[in-house]
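Using the working numbering, the letters of the sequence shown map in sequence onto residues 3 to 114. Just so you know, even glycine gets a beta-carbon here, dropped at the ideal spot from N, CA and C. Report on the structure given below.
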Amino acid sequence: MTDARQFNIRDEEGRTICPACGFPNYAYRDAYTERGGLIGVTICPACFWEPGFDDHQLASAAAKDTIMESLHAYRAEWSKTLEWRGYEERKPDNWDAKQHLDRLFELAPHLR
Ligand SMILES: [Zn+2]
């Protein structure tokens, strides 16, 4: 089994970065241990990715065999619209989904 901590992405300011959409500060702590996602840590306010749920077949019927496959499938679906899925009041005025995604792939090319 591959180490799931590869899904804990941080930028140079130490902010947690959503592995699905790149939204910064998506979680108050790292959401992955070696073994997988921790349920209850966070739901990304931008794309609604939920570690331990969207990447876990016992939790979500949409989850795939691996976290990476689940992530790719989730991102592919979300990328069709690049919509803000969370509460409107949490949406930053300058939110730019494309920019966050580009930044994610700079920080974590292995998640592309
Ligand atoms: Zn996200």
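For the set 24, 38, 32, 72, the Cα lying nearest the Cα of residue 97 is the one of 24. For residue 34, the three-state secondary structure derived from DSSP is strand. When 92, 81, 37 are compared, the shortest CA-CA separation from residue 101 is found for 81. Counting C-beta pairs with one atom in each stretch, the region 62-72 and the region 86-97 have fewer than three that are closer than 8 Å, which means they do not touch. Taking the CA atoms as reference points, residue 71 sits about 11 Å from residue 59. At least one heavy atom of ligand 1 lies closer than 7 Å to the C-beta of residue 25. Rounded to the nearest angstrom, the gap between the Cα atoms of residue 77 and residue 39 is 16 Å. In its chain, beyond the 5 residues on either side, 18, 43 have a beta carbon closer than 8 Å to the beta carbon of residue 31. Short note on residue 89: C-beta not closer than 7 Å to any heavy atom of ligand 1.
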